[in-house]
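In full-length UniProt numbering, the protein residues as written are 1 to 355. Glycine included, each C-beta is placed from N, C-alpha and C at the ideal position.
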DNA sequence: AAATCGGGGGA
DNA sequence: TCCCCAGATTT
């Protein structure tokens with residue numbers, strides 16, 4: 001039996017019941033694929049359902065404000081996905097009358113749609129014979145066929161691309177693509193796969209040569225940079241506070257955050273300061289600034305290690321801070337703004353903001 | 001080719 | 001801790 005046949009047989013028995021598998025609507029498939037980029041199914045699923053509930057069609061998504069989209073995306077990470085999702089929805093709704101492109105080549109031109117996503121949509125919705133190549137597929141192919149080329153180099157990717165396209169069932173590209181990804185997710189797992197129940201174990205190069213733990217191979221590792229952040233939370237009795245939207249490129253773009261303390265207000269406030277301080281620019285207002293936590297909060301991202309301290313200043317009247325009012329927005333209901341997870345956790349832990 | 005972009009979960 | 005997750009985009 002061929003690889004693809006065996007794979008599809010395995011899939012027909014072991015598949016999970018997932019909502020985006022019950023449709024061929026390009027909008028729903030596209031939405032699911034953007035949500036699932038670098039994201040586990042269990043983590044993305046509630047977001048997918050929430051988005052579909054808020055935005056049943058591409059027109060609904062297109063007519064939303066970006067801030068609303070980001071708020072719904074909050075906590076899922078890689079926020080450029082949300083911005084590109086919204087931009088593409090507007091493009092499809094306004095320029096394409098709500099109709100998505102129907103080929104992988106045309107799909108790839110959409111913002112936020114790369115090679116993988118284009119192939120996924122084209123095969124699932126339009127049965128175009130294009131093989132997907134995601135983390136699952138790299139792992140399955142590298143092990144079963146003993147490919148030890150690096151998966152994160154252009155040269156290695158070409159090797160895998162050729163092999164994937166050769167193995168693809170051209171008659172059932174949708175089924176095959178679903179099957180190989182599901183197989184990677186459930187059976188050929190990154191760590192400690194149960195190869196004793198694997199249908200390919202007899203012919204699996206990695207298993208037969210005890211190379212399961214060594215494949216797939218990667219070239220680079222991400223280095224984690226440390227960063228210290230001090231947030232100033234000026235809050236009144238009603239729970240109003242100053243915030244600003246991050247419009248610059250980079251991390252957390254278009255999300256909201258509190259004023260940053262070190263560079264903007266104070267000379268000589270050192271990193272990780274955790275004692276009661278009085279800020280120069282606030283002294284005249286006699287606002288006592290107190291750290292909320294005894295130690296800075298550690299917040300881990302895949303490429304950064306953040307140490308964040310929240311400084312609380314209780315105020316009675318915001319009009320006493322005309323200079324801050326120019327740069328910052330007075331937020332009256334903080335819960336409606338998209339914020340990074342670490343700030344959301346602070347908001348929940350404090351009792352300054354009415355639930 | 002390398003760096004950047006989030007956050008969560010498994011071992 | 002380290003690694004990976006239905007990757008894409010910028011540098």
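Assignment of residue 180 by DSSP, reduced to helix, strand and coil, places it in the helix class. Sorting 332, 253, 322 and 337 by C-alpha distance to the C-alpha of residue 79 places 253 at the top.
Shown here, residue 314 sits in a strand according to DSSP, grouped into three states. For residue 226, the enclosing beta strand (DSSP E) covers residues 225 to 235.
The alpha-carbon of residue 171 is positioned some 25 Å away from that of residue 99.
In summary, residue 40 is exposed, with fewer than 16 beta-carbon neighbours lying within 10 Å of its beta-carbon over all protein chains present.
The alpha-carbon separation between residue 3 and residue 199 amounts to approximately 10 Å. An exposed status is given to residue 154, since fewer than 16 other beta-carbon atoms sit within 10 Å of its beta-carbon.
Taken through DSSP and simplified to helix, strand or coil, residue 108 comes out as coil. Contact between the stretch 340 to 352 and the stretch 228 to 241 is present: three or more C-beta pairs spanning the two stretches fall below 8 Å.
A straight line joining the alpha-carbon of residue 114 with that of residue 124 spans about 15 Å. Between the C-alpha atoms of residue 193 and residue 184 there is a straight-line separation of about 10 Å. Classified as exposed, residue 1 has fewer than 16 neighbouring CB atoms from the shown chains inside 10 Å of its CB. Counting only runs of 4 or more residues that sit fully inside the stretch 75 to 149, the alpha helix (DSSP H) segments are 80 to 95, 104 to 107, 115 to 126 and 135 to 144, in chain order. The C-alpha of residue 42 lies about 17 Å from the C-alpha of residue 14.
Residue 147 has its alpha-carbon roughly 43 Å from the corresponding atom of residue 247.
Only residues of its own chain outside the window of five on either side were considered, and among them 341 have a CB closer than 6 Å to the CB of residue 75, listed in chain order.
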